[in-house]
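Report on one structure; see the data block that follows.
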Amino acid sequence: MNAAARTNPSLAVFEFLDNTHREIQQQLQQLHRLVDAIENSGLNQANRAQARSVLAYFNGEARQHHLDEEKHIFPALLNSQNAQIVQATEHLVQDHGWLEENWIQIAPSLEAATNGNLWFDTVELRHALEVFEALYLDHIVLEESIAYPAAKQRLAGLDTVGMGREMAKRRALKNAQLPD
Ligand SMILES: [Fe+2]
Ligand SMILES: [Fe+2]
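Each residue of the sequence shown is one higher than the one before, starting from 10 at the first, in the working numbering.
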């Protein structure tokens with residue numbers, strides 16, 4: 010957290026959301042490297058561990074990030090008087106649904122990979138990943154260029170400490186529910 014974020018809690022929330030976007034981009038790169046590695050050398054221990062790690066990220070933190078936005082960022086924007094902001098936000102909400110649908114097409118192959126099961130077609134997996142990545146990257150650009158700047162203005166002075174607390178609590182509850 011930088012100095013400005015420490016003195017302004019709403020900046021801390023947005024810094025966290027921005028950082029998550031960078032993490033998502035890194036995980037998409039990891040996923041590309043994983044598909045390359047599986048194509049080149051099949052399923053060894055390292056590839057299986059990498060599949061487990063990427064699977065956990067998109068099943069866990071990426072979905073939590075969408076919830077952060079749906080609970081704390083999008084509602085204020087959907088109430089905006091600015092039609093362009095409302096329309097962009099409706100688009101973003103719809104994207105979350107498409108991203109979930111795309112992820113559901115990718116996850117079973119990665120689950121198989123974690124178990125050393127190579128029943129899936131890596132060409133199809135790569136194609137699904139390209140669709141998922143293109144949508145995610147466009148989505149992030151729209152959030153960072155329109156939604157987050159508008160939300161920063163609208164949420165200034167509101168209870169962003171409460172937002173951050175709910176985000177942390179939801180993750181703690183989720184982790185407590187995970188099997189050992
Ligand atoms: Fe989003
Ligand atoms: Fe986002």
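Virtual Cβ for every residue (Gly too), placed ideally from N, Cα, C. Remember, predicted model here, so these are calculated numbers, not experimental data.
Between the alpha carbons of residue 15 and residue 160, how many angstroms are there, rounded? Here residue 15 corresponds to residue number 6 of the sequence shown, with the count starting at 1. Here residue 160 corresponds to residue number 151 of the sequence shown, with the count starting at 1. The predicted position of residue 15 is uncertain, since its pLDDT is 47 and thus under 50; no value can be drawn from it.
Hey, out of 26, 27, 30 and 59, whose CA is closest to residue 191's CA? Any question about residue 191 goes unanswered here, given that the chain covers just 10 to 189.
Range covered by the alpha helix (DSSP H) that runs through residue 171: On the sequence shown, position 162 is the one that residue 171 refers to. Where residue 171 is concerned, the enclosing alpha helix (DSSP H) stretches over 169–186.
Touch test, the segment 34–54 against the segment 135–153, Cβ-Cβ under 8 Å, three pairs minimum: yes
Ligand 1: which residues have Cβ under 6 Å from any of its heavy atoms, chain order? 75, 78, 101, 105, 148 and 152
Inter-residue Cα distance where the pair is residue 108 and residue 157: In the sequence shown, the residue the question calls residue 108 occupies position 99. In the sequence shown, the residue the question calls residue 157 occupies position 148. If you take the alpha carbons of residue 108 and residue 157, they lie about 19 Å apart.
Once DSSP output is grouped into helix, strand and coil, what is the label at residue 25? In the sequence shown, the residue the question calls residue 25 occupies position 16. Residue 25 carries a helical assignment under DSSP once its states are collapsed to helix, strand and coil.
What does the alpha-carbon distance come out to for the pair residue 168 and residue 142? Numbered from 1 along the sequence shown, position 159 holds the residue referred to as residue 168. Numbered from 1 along the sequence shown, position 133 holds the residue referred to as residue 142. Straight-line spacing of the CA atoms in residue 168 and residue 142 works out to 33 Å.
Quick test of the definition: if touching needs 3 or more C-beta pairs under 8 Å, does the segment 168–187 touch the segment 72–88? yes
Kindly list the residues whose CB is nearer than 7 Å to the CB of residue 131, restricted to its own chain and excluding five residues on each side of it in sequence; keep chain order. Your numbering for residue 131 matches position 122 in the sequence shown. The answer, listed in chain order, is 44, 47 and 48.
In whole angstroms, give me the CA-to-CA distance for residue 189 and residue 90. Within the sequence shown, the letter at position 180 stands for residue 189. Within the sequence shown, the letter at position 81 stands for residue 90. Low confidence applies here, because residue 189 scores a pLDDT of 49, under 50, leaving its location unreliable; read the following figure in that light. C-alpha separation (whole angstroms): 48 Å.
Relative to the C-alpha of residue 92, which candidate in 50, 155 and 165 has its C-alpha closest? Taking the sequence shown and counting its residues from 1, one reaches residue 92 at position 83. Scanning 50, 155 and 165 for the CA closest to the CA of residue 92 turns up 155.
Measuring CA to CA, which of 127, 53 and 67 is closest to residue 113? As a working mapping, residue 113 is identified with position 104 in the sequence shown. Answer by Cα proximity: 67.
With respect to 7 Å, is the separation between the Cβ of residue 182 and the closest non-hydrogen atom of ligand 2 below this value? Within the sequence shown, the letter at position 173 stands for residue 182. Not under cutoff, so the answer is no.
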